[in-house]
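Everything on this sheet refers to the single structure shown next.
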Amino acid sequence: MTKVFIFGCGYLGLRLVDALIKQGYSVGALTKNQSIIERLREKALCDVIHARLESDDWHRKIASDYTHVINCVSSAGNGLGGYRSSYYEGQASIIRWARSQSIERLIYTSSTSVYSRDDGTWVDEGAIDSASTLTETGAVLREAESIIERNHREFEAYYILRLSGIYGPERHYLLNQLRLGEAIQGSADNYMNMIHVADIVGVILRLIQSEKPFASGIYNLSDDQPTEKNKVAQWLSQQAGLAEPVFAGNIPTDRQRVRRTRSKNRRIANDKLKEILNYNFLYPSYREGYSEILKTAHD
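The numbering used here numbers the first residue of the sequence shown as 34 and each following residue consecutively.
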């Protein structure tokens with residue numbers, strides 16, 4: 034019987050829990066967030082564990098019969114140290130635990146932040162040229178991916194999903210900025226690469242439900258239509274009846290200052306995922322995704 038455990042359960046993880054339970058799977062979850070724990074305890078889960086992923090303390094609390102593992106942890110904050118703690122050290126803890134288990138498939142949600150390209154061109158899974166071109170946070174993400182690749186024999190199959198900017202219900206930063214009349218950070222003509230949370234769930238379900246595993250490896254998970262930020266903002270403001278967007282240029286957000294990153298200009302290619310998984314996006318562009326969000330007036 035397929036039994037799924039979700040590490041780093043948060044915005045994405047909660048939606049995975051609901052989708053997996055609806056499909057009849059037995060599910061467990063781990064999170065460090067107390068408010069998420071309370072929401073998880075309202076659901077029919079096998080295990081609900083309150084712990085920090087990078088600690089091995091949770092190893093003795095988890096049941097031993099899970100067949101599929103999803104690591105969708107996000108940054109713990111606290112700058113680069115928090116990034117490393119959540120992504121690399123958390124993944125290393127999962128690997129140590131998995132050595133005593135019989136895990137069939139591991140799914141890890143990484144990020145397109147690993148790519149350093151900044152010239153507006155298309156970026157596929159092979160676009161990381163060398164470690165010297167990575168940002169500090171990109172290097173941490175790549176380390177977390179590499180520890181899976183080095184330990185691939187612990188799993189029947191593994192999937193590293195490099196996610197672009199996640200949006201969906203209760204998560205739409207650009208729309209929030211427009212509603213507040215704030216200046217939009219970043220260059221107006223930089224491409225935005227986005228993925229709706231429902232499509233992340235859809236792809237992960239496909240990886241779990243397939244009788245025969247798809248090819249292990251790295252897959253970009255981003256929608257079909259990277260679009261310049263000014264075009265997205267103008268469309269959103271028109272659809273929502275808001276004032277014309279104003280751009281502040283390449284002024285970093287508070288989050289980017291902490292992470293020592295900035296928005297980059299590139300277009301994320303999803304050809305590999307679509308070809309191998311034969312996946313059709315529910316929200317192939319920002320228009321479909323934001324149109325649904327805008328229908329909910331108080332979202």
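Note that beta-carbon positions come from the ideal geometry of N, C-alpha and C, so glycine has one too.
Under a Cβ-count criterion, where at least 16 other Cβ atoms within 10 Å of its own Cβ denotes burial, should residue i be classed as buried or exposed?
| i | result |
| --- | --- |
| D152 | exposed |
| A276 | exposed |
| V279 | exposed |
| S68 | exposed |
| T154 | exposed |
| Q242 | exposed |
| Q271 | exposed |
Mapping the DSSP letters down to three states, classify residue i as helix, strand or coil.
| i | result |
| --- | --- |
| Q258 | coil |
| T329 | coil |
| G235 | helix |
| K36 | strand |
| N263 | helix |
| V81 | strand |
Is there at least one non-hydrogen atom of the ligand SAM closer than 6 angstroms to the beta-carbon of residue i?
| i | result |
| --- | --- |
| N111 | The ligand SAM is not among the ligands present in this structure, which contains no ligands whatsoever. |
Looking at the unbroken alpha helix (DSSP H) that takes in residue i, where does it start and where does it end?
| i | result |
| --- | --- |
| A177 | E169 to R183 |
| N209 | Y206 to L213 |
| V50 | Y44 to K55 |
| A131 | G123 to A131 |
| I95 | It is not in any alpha helix (DSSP H) - I95 carries neither H nor E in the DSSP assignment. |
Can you tell me which of the options puts its alpha carbon nearest to the alpha carbon of residue i?
| i | options | result |
| --- | --- | --- |
| E244 | R138, Y316, S179 and D157 | R138 |
| N159 | N303, R48 and K307 | It should be pointed out that residue 159 corresponds to Gly in this sequence rather than to Asn. For G159, the nearest C-alpha among the options comes from N303. |
| T35 | Y44, S59 and R299 | S59 |
| R72 | E325, Y44, Q56 and A96 | Y44 |
| I228 | N253, I217 and K297 | N253 |
| R300 | D257, Y206, S68 and E169 | D257 |
| L196 | A216, D232 and T170 | D232 |
| V265 | L213, I309, L63 and S324 | S324 |
| I181 | K94, I82 and Y192 | Y192 |
| L53 | I326, V234 and A273 | V234 |
| D90 | K328, L327, K65 and R175 | K65 |
| V81 | G46, S107, T100 and S108 | G46 |
How is the beta strand (DSSP E) around residue i delimited, first residue to last?
| i | result |
| --- | --- |
| Y141 | R138 to S144 |
| S59 | S59 to T64 |
| R195 | A190 to L196 |
| G3 | The requested residue 3 is not part of the displayed model; the chain covers only 34 to 332. |
Assuming residue i and residue j make a contact with CB atoms under 8 angstroms, what is their CB distance in whole Å?
| i | j | result |
| --- | --- | --- |
| F188 | I127 | Contact doesn't hold; Cβ gap of about 11 angstroms is too wide. |
| G57 | F38 | Contact flag wrong, Cβ pair sits at about 16 angstroms. |
| G201 | M225 | About 15 angstroms separates the two Cβ atoms, so there is no contact after all. |
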